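Visitor: As numbered in our numbering, residues 1 to 109 make up the sequence shown, in order.
Provided herewith is a single structure, encoded as structure tokens, for subsequent inquiry.
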Amino acid sequence: MLTDPEHALLGYARTVLQALRDADLTMRTMHGLTGGRVAIGLVSTSKYIVPHILARFQDAYPGIAIDLREGNRREVFEALGKGEVDLAITGRPPEGAGLAAEPFAGHPR
């Protein structure tokens, strides 16, 4: 039988244990890319390359949901800066916005 102080601590111990379990599950999910969501901002011209890339990504990682947000270049970079999207796909890299660009596909022919 628990004393009153021990009983009071039991609730905290259960909360901590559940938080550790949740953290472990989150880390395993992130490491294995078995679940989650990615928001992508894109310009309309990216429709020529994005479908093929996203199809391959979804085949490899079916548990990852993809949200697409289309806009002009300024809107897409603004959404990225506000954290509304996780990445942006545009034809040209950002200029002086404190963002990094990584080319991943050649210009479509």
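C-beta atoms are modelled at their ideal positions from N, C-alpha and C, and glycine is treated no differently.
Note that the structure is predicted; figures quoted are calculated from it, not measured.
1. Counting C-beta neighbours from all protein chains within 10 Å, is the total for residue 88 16 or more, i.e. buried, or is it exposed?
2. Tell whether a beta-carbon distance below 8 angstroms holds between residue 37 and residue 64.
3. Nearest-angstrom Cα distance between residue 86 and residue 74?
4. Where DSSP assigns a beta bridge to residue 70, which residues make up the other side?
5. Is the separation between the beta-carbon of residue 80 and that of residue 68 shorter than 8 angstroms?
6. Work out the CA separation of residue 2 and residue 56 for me, nearest whole Å.
7. Identify the continuous alpha helix (DSSP H) that holds residue 53 and give its terminal residues.
8. At what residues does the beta strand (DSSP E) containing residue 88 begin and finish?
9. Beta-carbon within less than 8 angstroms of residue 43's beta-carbon, same chain only, minus the 5 sequence neighbours each way: which residues are those?
10. So residue 49 and residue 66 are supposed to be a Cβ contact under 8 angstroms. How far apart are they, rounded?
Guide: Walking through what the data contain:
1. Its Cβ being crowded by 16 or more others within 10 Å, residue 88 is buried.
2. At the C-beta level, residue 37 and residue 64 come within 8 angstroms of one another.
3. Their Cα atoms are separated by approximately 15 angstroms.
4. Partner residues in the beta bridge of residue 70, as assigned by DSSP, are 42.
5. Cβ distance not < 8 angstroms, so residue 80 and residue 68 don't count as in contact.
6. Their Cα atoms are separated by approximately 56 angstroms.
7. Residue range 50-60 is occupied by the alpha helix (DSSP H) that includes residue 53.
8. Secondary structure note for residue 88: its beta strand (DSSP E) is the uninterrupted segment 87-89.
9. Non-local beta-carbon contacts of residue 43 in its own chain, meaning distances under 8 angstroms to residues more than five positions away in sequence, involve 70, 71, 72, 73, 76, 89, 90, 91 in chain order.
10. Contact flag wrong, Cβ pair sits at about 15 angstroms.
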